[in-house]
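Undergrad: Residue numbers (the working numbering): 241 to 378.
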């Protein structure tokens, strides 16, 4: 009986992990997936998450261990019932913004910091002048 693509990939992933003397926990840390998910994949249980996530995990795991090819992963995607249209990248949305930065106008508050610094300097000079005048009289 012919094994499914998912079963073949799961077996190949487990075999590659064992050949590299990697534990499930080590692989989980490498690809940032929970150990329990790695175990489920290797057991052939692909029902633990929605199919799109499972396929994404399969791709990460396969890429890390250098297992499988695009044809096998595509076959797995089909077995999981994921339409190819889920993988197309939508065109960038046209963003309309009233932001002054994007319209070319000077951003609000840009000179405000300089104004505060100048005002503080003037106040300090006035205080210094008053102190000098006060002590200069006595």
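Where a beta carbon is used, it is the ideal one built from N, C-alpha and C, also for glycine.
Just so you know, these numbers come straight off a predicted model, no measurement behind them.
(1) Using 8 Å as the Cβ pair cut-off and three pairs as the minimum, do the segment 257-273 and the segment 311-327 touch?
(2) Which residue's Cα is closest to the Cα of residue 246: 351, 272, 358, 321?
(3) Where does residue 260 sit, in a helix, a strand or coil, going by DSSP?
(4) Can the beta-carbon of residue 288 be found less than 8 Å from the beta-carbon of residue 277?
(5) Hey, is residue 299 close to the ligand SAM, as in C-beta under 7 Å from one of its heavy atoms?
(6) To the nearest angstrom, how far is the alpha carbon of residue 363 from that of residue 370?
(7) Excluding the 5 residues flanking residue 280 on each side, which residues of the same chain have their C-beta closer than 8 Å to its C-beta?
TA: Once the coordinates are examined:
(1) Segments in contact, no.
(2) 321
(3) coil
(4) yes
(5) Looking at this structure, you won't find the ligand SAM or any other ligand, since it has none at all.
(6) 11 Å
(7) 286, 288
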